[in-house]
Every structure is written in C-alpha cells, then in structure tokens.
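Chemist:
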Amino acid sequence: NSGTMKVRWNSCYAASNAFQNPDLPTNRVWVTDILNMLSKVVQNCTNFKVRINAALGLSAPSSRPGYGSQETFSNVWASLVS
5 NSGTMKVRWN SCYAASNAFQ NPDLPTNRVW VTDILNMLSK VVQNCTNFKV RINAALGLSA
65 PSSRPGYGSQ ETFSNVWASL VS
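Quick note: the sequence shown uses our numbering, first residue 5, plus one each step.
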C-alpha cells in the first residue's frame, strides 16, 4: 500500500517479467509473498494501470506449479474473479 503509483506500476511490471522466467524457483516463500501482494493490488489499488500490471503479473507463470501451493493458486484465482 505504500509508494507512488509509478513505483507500484514498476513493481508489478518487474514481478511479471520475473515470473516469465521458466528457471525461477517456485518453492520459495518470497514467490508466495509476491503473488499474494499482486492479488491484493488487483483487488484494492485505485489506479487501473497498476491493477492491469498486477493482473499481468498473476498471469505470467506458464504452468500451474509456477503458482506454488494450492492455497496460493486458489488465492490468485479468487482475486481475479472477485
């Protein structure tokens, strides 16, 4: 919830690029933290451009294992459909 909109946009954009890397380790706590942050941004940010980039970041993993645990995967889906 902190930072200017440009910083938030850049953060979402960077996360999207990172998740497009097939060699990114998905069994790390920070991956779950980033996915949860992106989910919250999609749901709560007032800036539509930031929300779009957060949604892009959530769509970036190329396969189901890229989302980590079942709980994280479910949270991502719930944030996108709510």
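In this text, a Cβ means the ideal position worked out from N, Cα and C, and glycines have one as well. Since we're looking at a predicted model, the values are computed, not measured.
1) Within 10 angstroms of the Cβ of proline 65, are there 16 or more other Cβ atoms? Answer buried if so, exposed if not.
2) What does the Cβ neighbour count give for asparagine 57, buried or exposed, with the cut at 16 atoms within 10 Å?
3) Would you mind sorting leucine 28 into buried or exposed? The rule is 16 or more other CB atoms within 10 Å of its CB.
4) Applying the criterion that 16 or more other CB atoms from any shown protein chain within 10 Å of the CB defines a buried residue, is arginine 12 buried or exposed?
5) Grouping DSSP H, G and I as helix and E and B as strand, with all else coil, what is cysteine 16?
Modeler: Put simply:
1) If you number the sequence shown from 1, residue 65 lands on position 61. Proline 65 is buried by the Cβ-count criterion.
2) The count along the sequence shown starts at 1 and reaches residue 57 at position 53. Within 10 angstroms of the beta-carbon of asparagine 57 lie 16 or more other beta-carbons, which makes it buried.
3) Taking the first residue of the sequence shown as 1, we reach residue 28 at position 24. It counts as exposed.
4) As a first step, residue 12 must be located in the sequence shown, where it is residue number 8. Counting the other CB atoms within 10 Å of its CB gives arginine 12 a total of 16 or more, which places it among the buried residues.
5) As a working note, residue 16 is residue 12 in the sequence shown. Under the three-state reduction of DSSP output, cysteine 16 falls in the helix class.
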